[in-house]
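Novice:
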Amino acid sequence: MLHIGKNELNSIKNEVIKNYPLECCGLLVGMNTSEKKVVEVHAVQNKNTERTQDRYEISGKDFMKTDRIASKKGLQIIGIYHSHPDHPAVPSAFDTENAWSGYSYMIVSVEKRKDIEFRAWIFDEKRKLFIEEKINCIG
Numbered sequence: 001m002l003h004i005g006k007n008e009l010n011s012i013k014n015e016v017i018k019n020y021p022l023e024c025c026g027l028l029v030g031m032n033t034s035e036k037k038v039v040e041v042h043a044v045q046n047k048n049t050e051r052t053q054d055r056y057e058i059s060g061k062d063f064m065k066t067d068r069i070a071s072k073k074g075l076q077i078i079g080i081y082h083s084h085p086d087h088p089a090v091p092s093a094f095d096t097e098n099a100w101s102g103y104s105y106m107i108v109s110v111e112k113r114k115d116i117e118f119r120a121w122i123f124d125e126k127r128k129l130f131i132e133e134k135i136n137c138i139g
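1 is the number of the first residue of the sequence shown in full-length UniProt numbering; add one for each residue after it.
Written out as structure tokens, the structure reads:
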């Protein structure tokens with residue numbers, strides 16, 4: 001289960017709406033102990049410039065910078081979020097081909113800049129597929 005606060009969900013929602021109809025992305029920072037809890041969200045630039053309407057890419061530089069900031073606070077990157085403009089909040093073939101195990105993947109569907117759906121997924125490396133993870137909104 002992925003625990004995340006209303007403020008963090010609102011930050012992601014605002015980023016998704018602002019970037020529509022292009023995909024946006026960011027990193028979920030928090031704790032992955034007995035419970036997986038998002039404490040901060042860090043929006044990053046989508047580095048995929050050729051297909052920003054249906055692909056995202058996070059630069060290694062942004063990943064490492066966020067990881068350093070998180071580590072100084074005793075936190076870590078526990079997941080990645082990205083939007084699916086005018087498409088369901090389910091992993092695409094591209095998402096599956098580029099997934100890493102151990103992270104939560106929050107996909108945010110946005111239809112016509114207003115209908116928003118949040119879903120989270122965990123990649124099963126052995127079976128090469130995503131398994132849905134329940135989202136618990138706190139606060």
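Heads up, the beta-carbon is just placed ideally off N, CA and C, and yes, glycines get one too.
Identify the continuous alpha helix (DSSP H) that holds N48 and give its terminal residues.
Specialist: Per DSSP, N48 belongs to no alpha helix (DSSP H) and is neither H nor E.
Novice: Please classify I131 as buried or exposed, where buried requires at least 16 neighbouring CB atoms within 10 angstroms.
Specialist: exposed
Novice: Grouping DSSP H, G and I as helix and E and B as strand, with all else coil, what is S104?
Specialist: Note: S104 maps to strand in three-state DSSP.
Novice: My understanding is that V16 touches V108, with C-beta atoms under 8 Å, so please give their C-beta distance in whole angstroms.
Specialist: 5 Å
Novice: Between which two residues does the alpha helix (DSSP H) holding K72 run?
Specialist: G60 to K72
Novice: Determine the burial state of T49: buried for a count of at least 16 other Cβ atoms within 10 Å of its Cβ, exposed for fewer.
Specialist: exposed
Novice: With distances taken between CB atoms, is the gap from I58 to I80 smaller than 8 Å?
Specialist: yes
Novice: Would you tell me roughly how many angstroms separate the C-alpha atoms of S92 and G139, rounded to the nearest one?
Specialist: In a straight line, the C-alpha of S92 is about 31 Å away from that of G139.
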